[in-house]
Amino acid sequence: MLIRPVPYDHPDAVKLDTEVQVEYQVRYGDGGDATFVDPAHFAPPAGLYLIAYDEHGRPLATGGWRSQEAGDEGYLDGDAELKRMYVIPEARGLGLARRILARLESDARTAGRTRMVLETGSKQPEAVALYTSSGYEPCAKFGYYRFHELSLCFAKPL
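Mapping of the sequence shown onto UniProt numbering: residues 1 to 158, in sequence order.
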């Protein structure tokens, strides 16, 4: 497995983002994640976007972080927000999400971020299990879905 940084608008990132949006649509019966995401948000040193590839160069998993600061959406100064964590169905259970998560946490810490935060939903029990087993705890809601009843927010000090 090779995990490498790519721009958020890289063709492989776009492909995996399209797949995760379809999964969100199926799970939640809506149009997918409506959170505004700008590719520039993931440009180092203020963020990072990773893709895991197999030995044939096939993209299997993805995830990124972007800097956030205190404001109207409930973030705190020094936050690093996880976005677009996704593993294709046939590669689930191989530990890819956990490996990407560890790399993202390390990079955000190195960039001076003090807390990693994420928003997921109650219809994503696999995500909740990954994050809680990785030391994340429920926190005050933030972001685009902070008023949505199915939204779950978690944080971990870096």
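Glycine included, every Cβ here is placed at the ideal spot set by N, Cα and C.
DSSP three-state label for residue i, please.
{"i": "Tyr141", "result": "The sequence shown places Lys at residue 141, rather than the Tyr named in the question. Note: Lys141 maps to coil in three-state DSSP."}
For the candidate residues the options, whose alpha-carbon lies nearest to that of residue i?
{"i": "Ser106", "options": "Gly32, Met1, Leu50", "result": "Leu50"}
{"i": "Tyr8", "options": "Asp33, Asp54, Gly64", "result": "Gly64"}
{"i": "Tyr144", "options": "Ala127, Gly121, Lys156, Leu96", "result": "Gly121"}
{"i": "Phe147", "options": "Leu94, Asp54, Glu119", "result": "Glu119"}
{"i": "Glu90", "options": "Val37, Tyr53, Ala129", "result": "Tyr53"}
{"i": "Thr114", "options": "Pro157, Gln25, Val26", "result": "Pro157"}
{"i": "Pro44", "options": "Val6, Asp17, Gly57", "result": "Val6"}
{"i": "Gly93", "options": "Gly112, Gly78, Leu130, Leu104", "result": "Leu130"}
- Item | Continuous alpha helix (DSSP H) assignments of at least 4 residues falling wholly in the UniProt domain "N-acetyltransferase" (1-158) | Within the UniProt domain "N-acetyltransferase" (1-158), the complete alpha helix (DSSP H) runs of at least 4 residues are 11-28, 96-110, 125-133.
- Message: Across the region 13-24 and the region 75-89, are there enough close Cβ pairs to call them in contact, namely three or more that are closer than 8 angstroms?
- Response: yes
- Quick one: any contact between the region 65-75 and the region 125-138, if contact means 3 or more CB pairs under 8 angstroms? no
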